[in-house]
Amino acid sequence: HLEHTPADVQHVDIEDYAQTYPFTYSAEDMPDLLRSIERQHLDPLREIDRWARRFLDEGSTDTLMLLSNMTTAIKREFTYVSRAEKGTQTPIETLTRRKGTCRDYAMLMIEAVRALGFAARFVSGYVYDPAGTDGRVGGGSTHAWVRVYLPGSGWVEFDPTNGTIGNAGLIRVAIARDIYQAVPISGTWGGFPGSFVDMTVQVEVAIAGQQSAAAPSILKETAQC
6 HLEHTPADVQ HVDIEDYAQT YPFTYSAEDM PDLLRSIERQ HLDPLREIDR
56 WARRFLDEGS TDTLMLLSNM TTAIKREFTY VSRAEKGTQT PIETLTRRKG
106 TCRDYAMLMI EAVRALGFAA RFVSGYVYDP AGTDGRVGGG STHAWVRVYL
156 PGSGWVEFDP TNGTIGNAGL IRVAIARDIY QAVPISGTWG GFPGSFVDMT
206 VQVEVAIAGQ QSAAAPSILK ETAQC
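Counting in the numbering used here, the sequence shown runs from 6 upward without gaps.
Below, the structure written as structure tokens:
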């Protein structure tokens, strides 16, 4: 059972001192955020740094606009591809190839915002769009997106695959500093190759205090988008 309260960009209320970038996290927050600020991937030629800084204005930059522009730029400028194979491209590979899966997009954005000093985390879960009317990518399989810590609002969701801000329609299952800490399935299994093909996960979303808002959504757990 997972309780979920949808919140969109209108609910993002950033502390005054952090509304413009650059800013420094408070002395109270910093000890808990340090590991989420640390870069996880090598960037010897500072390619990620340069790409991240294209979203900065001269002087100061509106913090939420910076993150919003980066989120929508990934959706607009990169080509989404579904990949069943395990593993993730490095952020530099995604930046160079200009294409990737949702998990590749998430890791690129995480490294980019960390290059600017933001605390960020990887999120794995599901997109809930039962009617298919939102046009979101990621429905029907596990999905990946990003959380960035913004003083005043806490951890705020950014989905670069769909270019959205906020957790509406995003059902969190795992949150981690690095993608390898949020592997949905791990371990070993012995048997004949044809004995196990895939698995299904049933996700039922209901409005609190009411019957299910829709029939359970059957999701094929064959790969992350």
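Quick reminder that beta carbons are idealized off the backbone N, C-alpha and C, glycines included. Just so we're clear, the structure is a prediction, and the values are computed from it rather than from any experiment.
Grab me the residues of residue i's own chain with a C-beta within less than 6 Å of its C-beta, minus the 5 sequence neighbours each way, in chain order.
i      : result
Gln45  : Asp183
Ile53  : Pro96, Glu116, Ala117 and Ala120
Gly178 : Gly is not the amino acid found at residue 178; the sequence shown has Val there. So the list reads Ser129 and Gly130, once near-sequence residues are dropped.
Leu155 : Ile19 and Val161
Arg88  : Thr106
Thr99  : Gly105, Asp109 and Leu113
Is DSSP giving residue i helix, strand or coil here?
i      : result
Asp154 : One detail in the question is off: residue 154 reads as Tyr in this sequence, not Asp. Strand at Tyr154.
Glu20  : coil
Tyr30  : coil
Thr95  : coil
Asp134 : coil
Leu175 : strand
Thr101 : helix
Asp13  : strand
Ser87  : coil
Ser129 : strand
Between which two residues does the alpha helix (DSSP H) harbouring residue i extend?
i      : result
Ile42  : Met35 to Ile42
Ile79  : Thr68 to Glu82
Arg55  : Glu52 to Arg58
Leu113 : Cys107 to Ala120
State the Cα-Cα distance for the pair residue i and residue j, rounded to the nearest angstrom.
i      : j      : result
Gly171 : Gly196 : 42 Å
Val128 : Thr106 : 14 Å
Leu50  : Gly122 : 18 Å
Phe163 : Gly199 : 39 Å
Leu38  : Glu90  : 32 Å
Ser31  : Ala23  : 10 Å
Arg40  : Ala124 : 8 Å
Leu113 : Asp21  : 28 Å
Leu69  : Gly92  : 30 Å
Thr166 : Val14  : 16 Å
Ile79  : Leu47  : 20 Å
Arg152 : Arg126 : 5 Å
Below 8 Å CB to CB, which residues in the same chain sit around residue i once its five sequence neighbours on both sides are set aside?
i      : result
Lys104 : Phe83, Thr84, Tyr85 and Val86
Ser158 : His16, Val17, Asp18 and Ile19
Ser65  : Thr25, Tyr26 and Pro27
Identify the continuous beta strand (DSSP E) that holds residue i and give its terminal residues.
i      : result
Glu231 : With the chain represented from 6 up to 230, any question about residue 231 goes unanswered, as that position is not in the structure.
Excluding sequence positions up to five away, which residues of its chain have a Cβ less than 7 Å from the Cβ of residue i?
i      : result
Leu175 : Gly130, Val132, Trp150, Glu162 and Asp164
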